[in-house]
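> Protein chains in written order, with UniProt numbering: chain A, 1 to 328; chain B, 1 to 298. For each residue, glycine too, the CB sits at the ideal point set by N, CA and C. Handing you this structure, nothing more for now.
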Amino acid sequence: MTAELTTESDPRTPPGSTEARHGHRRRRSGDNGQARAAVLYLAPAGVLLIAVMAYPLYQLVQLSLYEYGQAQASGGAPLEFLGLGNYATLLSDSRFWMVLVNTCGFAAVCVLGSLAVGIALAVLAGRVRWLPRTLLFLAALGAWATPAVAGSTVWLFLFDQNFGLVNEVLSGLGWQGMAGFSWTYDRFTAFGLVAGEVIWCSFPFVMVTMYAGIKAIPGEIVEAASLDGASAWRTARSVLLPILRPLLIIATIQSIIWDFKIFTQIYVMTDGGGIAGQNLVLNVYAYQEAFAGSNYGLGSAIGVVMTGLLLLITVIYLWAQRTTGENT
Amino acid sequence: MTTAARAPKRGLIGRVLPGKRPGRTLAEITTVLVAATIAFPLYWMVLTAFKPDGQIQSTDPRPWTLSPTLENFRQVFTVDDFGRYFLNSVIVAGVVVLISLVMSFLAAVALTRFRFRGRTVLLIMILVAQMVPVEALTIPLFFLMRSVGSVAPWFGLNHLGSLILVHLAFSLPFAIWMLRGFVAAVPVELEEAATLDGAGRFRFTWQVLFPLVAPGLVAMSVLSFIHAWNDFLFAKTFIISATENQTLPLAILVFFKPTGNDWGAIMAGSTLMTIPVLVFFVFVQRHLVSGIAGAVKA
């Protein structure tokens, strides 16, 4: 998202005319009038964002520094300041590390899957006529629109142990072991199932974005490249990819942000984190610690770790993109 | 060298005459198959919702039914008061859309049209706000809503107001960022013309600017609606004991039972939950795509 910031210098108004107009306006109404109106216009959104986002964010960090359990939450017991105690507990907890590995692996699979499917189908959509393309877009739109809970329940039913279509088809094809196979029992098949659902409902965003980008590339550029003797692969890599890079960055970051903090799909499909918590990801783990285990302080610490990691990943990704972007 | 010289020529012809490309039929068949695969889970959901129970609880499921029934829908509405949860979801998502429409439009106008100190800082803060994983805020928000509830019960835990407040706040940063692009695309000359014609800032904003950014507002509304409609985490956290104030996502989970899931009811509920979003999506898809493209370009 921050990538957009670089193109932020108001390209719509040429600098000279802006100055002139700006000066003119200043004489008429004055900067004070504009500032006052701006405050008025920004106030409703600003107040709400401070109250429901900024303040809770501050509180999240604060809570993570305290021992905050059932006794404190129900009002009576005094707060005990732990400093980084909750974080120390987390770091020495083998379960936390398992959850961290789960989260990163699961998010990586989902991001790569959505990008691969989305880009492949965007390219495919650009090569076919109107009817198949419309069918593809309608189907993708349907998957995109499906609420996470509804999507999760349908996928669960399709892969149900006894009444699911998938097991039925697979065993019908001669794979006898699949009759009565439980997809959610094993840690990896359960993650695979959830990843399938997540990719199913998140690739359309990538596809639509990349398709819009591909369509916007003038045909002359590709023609010029092929006239200069570039192969199809070289055209894609050296001509199209740099043009599409900004869109690709947006699609990737958006996917990372979405998939790293998945809650609903994991919670619904693995019934709150899987057998013995084998399918926990950070978000579900924080929820379970806080609201099932009444460890609000520890849950907040997990939330802080998650926020920090997400920020770190996004910054690293943007930085890497910027450096490679400058080289080419 | 000769092959290198010949290859691009073929590529060029292929581009000029796309109809002659040999792989296209194959690509089109693939596209249709892929589309069918993507749509299949939705088809299965709707089909199951209309299947009689005997055909659902079968180890030999068929991809069609010859005896469609409304029994599953009747059950979720009569036995489980689904209408109430549906209405709750509509109220939450509807109020969020209406208020965020006004709030984000005003903020976008201020950030695009007015020059004032700290504007860039504010813009950066809105970008950063989009990256905050709001799910991590569940715990502090739970306590916040609990204290809010002791002052204004309607916005406290167990009430729809708490859900409206959080979804409103969470949808604002992206909505503002997206609308900014649309507002900026309206030429400044128009504002000068309106001013010359005697329209004040307020009138210009609402009578000229507001209708002009309508496509952006539509796209933004759809995204806010879906965001609020789909929410599971906050509904689960905030609506603890007041079952009459539950929203759809939670109501569906009631049919998952240890004694055996009632798949017919689950699929009927999921269908009911999906249809409004689907209609909304298809109806505004053109705006949606241009809206996202607008946000991306901004």
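Mind pulling the chain A residues with CB within less than 7 Å of B/V282?
Ordered by position in chain A, the residues that pass the 7 Å Cβ test against B/V282 are L141.
> Could you tell me which of B/A199, B/L196, B/F225, B/F234 sits nearest to B/V166, measuring between CA atoms?
The candidate whose alpha carbon is nearest that of B/V166 is B/F234.
> Is the region 150-159 of chain B in contact with the region 289-304 of chain A, if contact means three or more CB pairs nearer than 8 Å?
Output reads no: the region 289-304 of chain A does not touch the region 150-159 of chain B.
> Taking the alpha-carbon positions, what's the A/L311 to B/R146 distance?
Distance between the alpha carbons of A/L311 and B/R146: 29 Å.
> What's the gap between the Cα of A/N162 and the Cα of B/T247?
A/N162 and B/T247: Cα-Cα distance of roughly 29 Å.
> Please find out if some non-hydrogen atom of the ligand NAP comes closer than 6 Å to the beta-carbon of B/N261.
Looking for the ligand NAP in the displayed structure turns up nothing, as the structure carries no ligands at all.
> Do the region 101-111 of chain A and the region 260-273 of chain A touch if we need at least three Cβ pairs shorter than 8 Å?
As far as the Cβ criterion goes, the region 101-111 of chain A touches the region 260-273 of chain A, which means the pair count is three or higher.
> For B/L123, tell me which candidate among B/M178, B/P187, B/R24 has the shortest Cα-Cα distance.
B/L123 has its Cα closest to that of B/M178, out of B/M178, B/P187, B/R24.
> Between B/A251 and B/Y43, which are expected to be in contact by the criterion C-beta below 8 Å, what is the C-beta distance as a whole number of angstroms?
About 23 Å separates the two Cβ atoms, so there is no contact after all.
> With a threshold of 16 other CB atoms inside 10 Å of the CB of B/P68, please say whether the residue is buried or exposed.
Its Cβ having fewer than 16 others within 10 Å, B/P68 is exposed.
> For the alpha helix (DSSP H) that contains B/M220, what are its first and last residues?
It spans 214-230 - the alpha helix (DSSP H) in which B/M220 sits, taken as one unbroken run.
> Would you tell me roughly how many angstroms separate the C-alpha atoms of A/W233 and B/T120, rounded to the nearest one?
Taking the straight line from one Cα to the other gives about 41 Å.
> Please report how far the alpha carbon of A/W97 lies from the alpha carbon of A/L91, in whole angstroms.
So the two alpha carbons sit approximately 7 Å from each other.
> Just checking: is the beta-carbon of B/S150 within a distance shorter than 7 Å of some beta-carbon in chain A?
Output row for B/S150: interface = no.
> Just to confirm the assignment, what range does the alpha helix (DSSP H) spanning B/D53 have?
Per DSSP, B/D53 belongs to the alpha helix (DSSP H) from 53-56.
> Going by other Cβ atoms of all chains shown within 10 Å of its Cβ, with 16 needed for buried, is A/W144 buried or exposed?
Result: buried.
> Examine chain B for any beta-carbon lying closer than 7 Å to the beta-carbon of A/P44, and answer yes or no.
Yes, A/P44 lies at the interface with chain B (some Cβ there is under 7 Å from its Cβ).
> Spell out whether any CB of chain B is found under 7 Å from the CB atom of A/I313.
Not one chain B Cβ lies under 7 Å of A/I313.
> In three-state terms, what does DSSP make of A/P317?
In the sequence as presented, Pro is not what sits at residue 317 of chain A; that position holds Tyr. In this structure, A/Y317 counts as helix in the three-state DSSP scheme.
> Kindly indicate the opening and closing residues of the alpha helix (DSSP H) around A/M269.
264-269 is the span of the alpha helix (DSSP H), which, as asked, contains A/M269.
> What's the call for A/Y41, buried or exposed, on a 16-neighbour Cβ count within 10 Å?
Buried: at least 16 other Cβ atoms inside 10 Å.
> With 7 Å set as the bound, which would you pick, yes or no: does the beta-carbon of B/I275 sit closer than that to a beta-carbon of chain A?
Not an interface residue.
> Pick out the complete alpha helix (DSSP H) segments inside the region 191-231 of chain A, 4 residues or longer, and give them in chain order.
Correct list: 219-227.
> Sort B/F174, B/L212, B/G83 by Cα distance to B/V128 and report the nearest one.
Here the closest residue by C-alpha is B/F174.
> When you compare only the Cα positions, how much space is there between A/D160 and A/I119?
If you take the alpha carbons of A/D160 and A/I119, they lie about 30 Å apart.
> Can you have a look at A/L241 and say buried or exposed, based on whether 16 or more other CB atoms are within 10 angstroms of its CB?
With fewer than 16 Cβ atoms within 10 Å of its Cβ, A/L241 is classed as exposed.
> Can you confirm whether the region 226-242 of chain B touches the region 40-59 of chain B when touching is taken to mean that 3 or more C-beta pairs between the two stretches lie within less than 8 Å?
Contact fails: fewer than three Cβ-Cβ distances are below 8 Å.
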